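In our numbering, the protein residues as written are 1 to 168.
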């Protein structure tokens, strides 16, 4: 594979995402991480901030590029001159949704192959939603079990600010 594309919202990037990026980067000459823009979603970080958090987390991976995209992931894969989409899958929790999305993508772009990487068992429970739930209770060392170390403080600050806004 010359170019593979891994898409997601990455709001924020987790150690699970980072694991998939690291492993994917070894399978291809160039990996493009596509940060999806969904204007209907309430985001913790802007797309540009998410790209920066990912860059900070993957500084040691020279063949990985970060871009934002809006619209269908298969269209973004085509724009990247690729025909391979990487998807990270956590056991059981993601299978139904990933199967549905892959089936739709095959209808939209039959030339694009989806490669699934099973989550490392130690990361299978990690999600951005979980981080948002536990961040105000966990200390930095605990939070670093779920987030790449370089971004722990930035995520904590953003979540605390959002929590303060919500409480008035």
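Heads up, the beta-carbon is just placed ideally off N, CA and C, and yes, glycines get one too. Given the structure is predicted, the values throughout are model-derived calculations rather than measurements.
(request) Grab the span of the alpha helix (DSSP H) containing residue 161 for me, first residue to last. (result) Taken as a continuous stretch (DSSP letters only), the alpha helix (DSSP H) holding residue 161 covers 152-167.
(message) Using a Cβ-Cβ cutoff of less than 8 Å, which residues in the same chain neighbour residue 124 once the five nearest sequence positions on both sides are dropped?
(response) 16, 90, 91, 93
(message) Can you check which of these residues, 149, 133, 132, is closest to residue 140 by C-alpha distance?
(response) 149
(request) Return yes when the Cβ of residue 21 is within less than 7 Å of the Cβ of residue 66, no when it is not. (result) no
(message) Between which residues of its own chain and residue 23 is the CB-CB distance below 8 Å, once the five residues before and five after are set aside?
(response) Excluding residues within five positions, the ones whose Cβ falls inside 8 Å are 117.
(request) Identify every residue that forms a DSSP beta bridge with residue 67. (result) 34
(message) Since residue 12 and residue 151 should fall inside the 8 Å C-beta cutoff, what is the C-beta to C-beta distance between them, to a whole number of angstroms?
(response) Indeed, because the Cβ distance is near 7 Å, the residues count as touching under 8 Å.
(message) Alpha carbons only, please: which of 72, 143, 62, 35 is nearest the one belonging to residue 49?
(response) 35
(request) Mind checking which residues open and close the beta strand (DSSP E) that includes residue 21? (result) Taken as a continuous stretch (DSSP letters only), residue 21 belongs to no beta strand (DSSP E), being part of the alpha helix (DSSP H) at 15-25.
(request) Please report the residue range of the alpha helix (DSSP H) in which residue 77 lies. (result) Element bounds for residue 77: 73-79.
(request) Give the straight-line distance between the Cα atoms of residue 128 and residue 30, rounded to the nearest whole angstrom. (result) 25 Å
(request) Go through its chain and collect everything with a Cβ distance to residue 2's Cβ below 6 Å, but skip five positions before and after it. (result) 29
(message) Among the candidates 38, 82, 85, 96, whose CA atom is the shortest distance from the CA of residue 68?
(response) Among 38, 82, 85, 96, the Cα nearest to that of residue 68 is on 38.
(message) Buried or exposed for residue 7, going by 16 or more other Cβ atoms inside 10 Å?
(response) buried
(request) Please state if the CB of residue 144 and the CB of residue 86 are separated by a distance shorter than 7 Å. (result) no
(request) On the DSSP bridge assignment, give the partners of residue 44 in chain order. (result) According to DSSP, which records beta bridges pairwise, residue 44 is partnered with nothing at all.
(message) To the nearest angstrom, how far is the alpha carbon of residue 158 from that of residue 147?
(response) 14 Å
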